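Novice:
Chains as they are written, first to last, in my numbering: chain Z, 1 to 252; chain S, 1 to 293.
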């Protein structure tokens with residue numbers, strides 16, 4: 001059974017059909033690419049998957065559980081985490097605390113215990129610190145733990161966003177244009193990071209990307225979106241050589 | 001010597017403003033709304049202590065705890081009933097609702113307690129501090145007010161920086177959408193913010209009424225507005241800013257009363273608001289917000 005499955009997903013904004021009859025099936029452990037020209041509806045799909053928008057029709061299944069119409073927070077708890085096209089870290093917070101926000105739901109203590117600094121507060125905070133440091137080490141960010149997030153170099157901010165998303169302990173990781181604004185060196189490093197996350201955490205990753213080198217380099221399967229509809233779907237090389245896809249990207 | 005006395009009284013009044021301003025600034029920082037009913041929560045807090053301590057005769061300290069609990073419930077209820085349904089509505093709609101809630105609280109108090117001024121008995125019964133052979137007398141309530149404010153300020157800063165719910169509050173204030181996508185319960189976090197702000201308002205109410213022992217349904221309105229000025233002065237959204245803004249405002253108000261004109265003191269306070277907005281709209285410690293384009 002596929003980890004993520006959508007059936008006939010669709011949403012309209014006023015008269016615009018932003019996404020129509022969108023079907024996708026992502027297997028566990030797969031690195032899956034979602035590509036398409038600007039305005040094709042890719043980020044809209046991420047917003048549907050994470051509950052930011054509620055679909056007009058269709059269904060979203062994660063590991064067989066129906067997530068359609070669920071609230072964002074419940075979808076996060078069910079195991080979908082994401083990063084953003086334009087980095088949305090908590091810039092004023094230390095790097096470590098950014099990751100700890102992601103850990104929030106897995107380390108319980110009450111507000112009351114926090115105010116009074118009861119023993120459980122100290123114990124749980126210590127565990128959170130350890131777990132957050134562990135994640136930062138995985139991404140090679142441990143030396144920046146005390147930096148304010150907004151002071152990190154751009155490439156490291158991208159990594160921190162992935163670390164923060166991984167802290168929510170997801171089954172599925174959504175990456176929205178992770179290579180946007182990166183130079184070729186940073187992109188190469190990012191590709192390694194993405195592959196590493198997949199291998200190390202046995203993560204299933206669905207990513208939106210415009211950088212064809214990155215897509216061709218790491219994605220195993222692709223779905224091409226054009227005007228809200230699926231234009232092509234299948235093995236990466238096959239799809240990239242599809243004449244329809246080439247036309248959609250370059251014009252006829 | 002009288003200058004020192006005025007200064008100390010100013011710091012004391014300023015500490016009360018600071019406590020109220022903390023409520024304004026936290027709610028603004030996190031929910032991005034101005035809760036103009038905040039001042040009236042103070043008044044309700046004062047009445048709760050009046051009824052429980054003077055009326056029912058329970059221990060003043062216990063009365064303060066009761067008052068804090070009552071104001072917490074009140075603040076959370078106001079948020080739930082009046083503000084949460086307007087999440088995502090235009091800021092103007094929320095602002096007008098807040099003013100409506102403010103009038104509602106005043107009029108409910110008017111209905112229940114009447115319009116006559118209640119004599120509030122000072123809950124701080126410690127002896128006054130006499131310095132320099134009686135030349136300088138500092139009222140005990142003044143000292144207690146300053147100490148309580150500092151403790152609360154330090155505790156709050158710790159709470160926001162070092163606890164889970166504090167981090168959630170910071171995350172929500174920075175990017176509500178991203179916080180939600182990381183699994184933060186935004187509504188719950190905002191409710192906790194209102195709870196904390198309102199319980200501080202109860203403390204402020206008690207200290208205010210102990211220093212100026214008269215209580216009417218409009219008691220909270222002027223300090224509430226001045227605390228708002230203090231929050232803007234210090235940089236709205238910033239916790240240390242609210243504290244510094246509050247203290248400075250109290251000192252300026254008291255010194256103007258003493259040396260310029262007691263009638264013009266309020267005018268001077270509000271002139272400060274206008275000048276701050278003209279010269280440094282982000283306030284003393286406010287962060288410059290750069291719109292991404």
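Glycine residues also receive a C-beta, built at the ideal position from the N, C-alpha and C atoms. The structure presented is a predicted model; accordingly, all values stated were derived computationally and were not measured.
Return the chain-ordered list of same chain residues with a C-beta closer than 8 Å to the C-beta of residue 243 of chain S, the five sequence neighbours on each side being excluded.
Specialist: If you number the second chain from 1, residue 243 of chain S lands on position 243. For residue 243 of chain S, where only same-chain residues beyond five positions count, the Cβ hits under 8 Å are 18, 21, 22, 149, 153 and 234.
Novice: Mind listing which residues of the stretch 91-121 of chain Z have their C-beta closer than 8 Å to chain S's C-betas, in chain order?
Specialist: The residues in question are 91, 92, 93, 97, 100, 101, 102, 104, 105, 107, 109, 111, 114, 115 and 121.
Novice: Count the CB pairs spanning the stretch 35-44 of chain S and the stretch 104-120 of chain S that are closer than 8 Å, and state whether there are at least three.
Specialist: Cβ pair count under 8 Å is three or more, so yes.
Novice: Is the CB-CB distance between residue 22 of chain Z and residue 45 of chain Z below 8 Å?
Specialist: Residue numbering aside, residue 22 of chain Z sits at position 22 when the first chain is read from its first letter. Residue numbering aside, residue 45 of chain Z sits at position 45 when the first chain is read from its first letter. It is a contact, given that the beta carbons lie within the stated cut-off.
Novice: Please list, in chain order, all residues of the same chain as residue 26 of chain S whose beta carbon is under 6 Å from its beta carbon, the five residues on each side excluded.
Specialist: Within the second chain, residue 26 of chain S is the residue found at index 26, counting from 1. Closer than 6 Å at the Cβ level, and outside the excluded window around residue 26 of chain S, lie 193 and 197.
Novice: In three-state DSSP terms, what is residue 292 of chain S?
Specialist: Here residue 292 of chain S corresponds to residue number 292 of the second chain, with the count starting at 1. In this prediction, residue 292 of chain S scores a pLDDT of 48, lower than 50, which makes its location untrustworthy; no coordinate-derived value is stated.
Novice: Just reading off the alpha helix (DSSP H) that residue 174 of chain S is part of, what are its end residues?
Specialist: For the purposes of this step, residue 174 of chain S is taken as the residue at position 174 of the second chain. It spans 164-174 - the alpha helix (DSSP H) in which residue 174 of chain S sits, taken as one unbroken run.
Novice: Answer yes or no: does any C-beta atom of chain C fall closer than 8 Å to that of residue 123 of chain Z?
Specialist: As a matter of chain content, chain C is missing from the structure shown, whose protein chains are Z and S.
Novice: Nearest CA to the CA of residue 41 of chain Z: which residue from Z:29, Z:71, Z:10 and Z:211?
Specialist: Position 41 of the first chain, counting from 1, holds the residue named residue 41 of chain Z. Checked all of Z:29, Z:71, Z:10 and Z:211; the closest Cα to residue 41 of chain Z is Z:10.
Novice: Roughly how many angstroms separate the alpha carbons of residue 236 of chain Z and residue 216 of chain Z, rounded to a whole number?
Specialist: In the first chain, counting from the first residue as 1, residue 236 of chain Z sits at position 236. In the first chain, counting from the first residue as 1, residue 216 of chain Z sits at position 216. Their backbone Cα atoms lie some 7 Å apart in a straight line.
Novice: How is residue 15 of chain S classed by DSSP in three states: helix, strand or coil?
Specialist: For the purposes of this step, residue 15 of chain S is identified with residue 15 of the second chain, where counting begins at 1. Of the three classes helix, strand and coil, the one that applies to residue 15 of chain S here is helix, per DSSP.
Novice: Could you check the C-alpha separation between residue 284 of chain S and residue 33 of chain S for me, to the nearest Å?
Specialist: As a position in the second chain, residue 284 of chain S is number 284, starting the count at 1. As a position in the second chain, residue 33 of chain S is number 33, starting the count at 1. The alpha-carbon atoms of residue 284 of chain S and residue 33 of chain S are separated by roughly 20 Å.
Novice: If we call anything under 8 Å between Cβ atoms a contact, is residue 88 of chain Z one with residue 175 of chain S?
Specialist: Residue 88 of chain Z sits at position 88 when you count from the first residue of the first chain. Residue 175 of chain S sits at position 175 when you count from the first residue of the second chain. A contact, by the Cβ cut-off of 8 Å.
Novice: Please identify the residue among Z:5, Z:65 and Z:102 whose C-alpha is closest to the C-alpha of residue 128 of chain Z.
Specialist: Against the first chain, residue 128 of chain Z aligns to sequence position 128. The option with the nearest alpha carbon to residue 128 of chain Z is Z:102.
Novice: In the structure shown, what three-state DSSP assignment does residue 173 of chain Z receive?
Specialist: In the first chain, the residue the question calls residue 173 of chain Z occupies position 173. Reduced to three states, the DSSP call for residue 173 of chain Z is strand.
Novice: Between which residues of its own chain and residue 68 of chain Z is the CB-CB distance below 6 Å, once the five residues before and five after are set aside?
Specialist: Position 68 of the first chain holds residue 68 of chain Z. Only 59 and 60 meet the Cβ criterion.
Novice: Compile a chain-ordered list of the residues in the stretch 274-285 of chain S whose CB is closer than 7 Å to at least one CB of chain Z.
Specialist: Taking 7 Å as the Cβ-Cβ cut-off against chain Z, none of the residues of the stretch 274-285 of chain S qualify.
Novice: Using alpha carbons as the reference points, say which of Z:35, Z:80 and Z:206 lies closest to residue 253 of chain Z.
Specialist: Coverage of chain Z is limited to positions 1 through 252, which leaves residue 253 of chain Z absent and any answer about it impossible.
Novice: Closer than 7 Å, Cβ to any Cβ of chain S: which residues of the stretch 155-175 of chain Z, in chain order?
Specialist: Cβ contacts with chain S come from 164 and 168.
Novice: Any residues in the stretch 153-175 of chain S with a beta carbon nearer than 7 Å to a beta carbon of chain Z? Which ones, in chain order?
Specialist: The stretch 153-175 of chain S vs chain Z, Cβ under 7 Å: 159, 163, 164, 165, 167, 168, 170, 171, 174 and 175.
Novice: Just to confirm the assignment: which complete beta strand (DSSP E) runs, minimum length 3, are found wholly within the stretch 167-214 of chain Z?
Specialist: Counting only runs of 3 or more, we get 172-176 and 204-208.
Novice: Could you spell out where the beta strand (DSSP E) holding residue 12 of chain Z opens and where it closes?
Specialist: Taking the first residue of the first chain as position 1, residue 12 of chain Z is located at position 12. Where residue 12 of chain Z is concerned, the enclosing beta strand (DSSP E) stretches over 4-13.
Novice: Please compile the residues from chain Z whose C-beta is within a distance smaller than 9 Å of the C-beta of residue 263 of chain S.
Specialist: On the second chain, position 263 is the one that residue 263 of chain S refers to. Under the 9 Å cutoff, chain Z gives no residues; its nearest Cβ is about 42 Å from residue 263 of chain S.
Novice: Enumerate, from N- to C-terminal direction, the unbroken alpha helix (DSSP H) stretches of 4 or more residues contained entirely within the stretch 59-135 of chain Z.
Specialist: Fully enclosed alpha helix (DSSP H) runs of 4 or longer: 72-78, 95-103 and 111-116.
Novice: Tell whether a beta-carbon distance below 8 Å holds between residue 179 of chain Z and residue 214 of chain Z.
Specialist: On the first chain, position 179 is the one that residue 179 of chain Z refers to. On the first chain, position 214 is the one that residue 214 of chain Z refers to. In this structure, residue 214 of chain Z lies closer than 8 Å to residue 179 of chain Z by Cβ.
Novice: Please compile the residues from chain Z whose C-beta is within a distance smaller than 7 Å of the C-beta of residue 181 of chain S.
Specialist: Along the second chain, one-based indexing puts residue 181 of chain S at 181. Ordered by position in chain Z, the residues that pass the 7 Å Cβ test against residue 181 of chain S are 50, 72, 76 and 82.
Novice: Give, in chain order, every residue of the stretch 181-208 of chain S whose Cβ lies closer than 7 Å to some Cβ of chain Z.
Specialist: Result list: 181, 182, 183, 184, 185 and 192.
Novice: Which residues does DSSP list as the beta-bridge partners of residue 57 of chain Z?
Specialist: One-based indexing of the first chain puts residue 57 of chain Z at position 57. Residue 57 of chain Z is bridged to Z:10.
Novice: Indicate the three-state DSSP secondary structure (helix, strand or coil) for residue 79 of chain S in the structure shown.
Specialist: Position 79 of the second chain holds residue 79 of chain S. Helix at residue 79 of chain S.
Novice: Under 8 Å between C-beta atoms, does residue 131 of chain Z make it to chain S?
Specialist: Taking the first residue of the first chain as position 1, residue 131 of chain Z is located at position 131. Not an interface residue.
Novice: Does the beta carbon of residue 242 of chain S sit closer than 8 Å to a beta carbon anywhere in chain Z?
Specialist: Here residue 242 of chain S refers to the residue found at position 242 when the second chain is read from its first residue. Closer than 8 Å: no.
Novice: Rounded to whole angstroms, what's the CA-CA distance from residue 292 of chain S to residue 85 of chain Z? Just pull it up for me.
Specialist: Stepping through the second chain from its first residue, residue 292 of chain S is reached at position 292. Stepping through the first chain from its first residue, residue 85 of chain Z is reached at position 85. Because the pLDDT at residue 292 of chain S is just 48, under 50, the model does not fix this residue reliably, and the value given afterwards should be weighed accordingly. Rounded to the nearest angstrom, the two C-alpha atoms are 13 Å apart.
Novice: Which chain S residues sit within Cβ distance under 7 Å of residue 88 of chain Z?
Specialist: Numbered from its first residue, the first chain carries residue 88 of chain Z at position 88. Those are 175 and 178, listed as they occur along chain S.
Novice: Tell whether a beta-carbon distance below 8 Å holds between residue 146 of chain S and residue 11 of chain S.
Specialist: For the purposes of this step, residue 146 of chain S is identified with residue 146 of the second chain, where counting begins at 1. For the purposes of this step, residue 11 of chain S is identified with residue 11 of the second chain, where counting begins at 1. Taking 8 Å as the Cβ cut-off, residue 146 of chain S and residue 11 of chain S qualify as a contacting pair.
Novice: Would residue 292 of chain S count as contacting chain Z if we go by Cβ distances under 8 Å?
Specialist: Taking the second chain and counting its residues from 1, the one referred to as residue 292 of chain S is at position 292. Bear in mind that the predicted position of residue 292 of chain S carries a pLDDT of just 48, short of 50, making it unreliable; the figure below should be weighed with that in mind. Yes, contact with chain Z.
Novice: Hey, out of Z:126, Z:36, Z:242 and Z:198, whose CA is closest to residue 138 of chain Z's CA?
Specialist: Residue numbering aside, residue 138 of chain Z sits at position 138 when the first chain is read from its first letter. The shortest Cα separation from residue 138 of chain Z among Z:126, Z:36, Z:242 and Z:198 belongs to Z:198.
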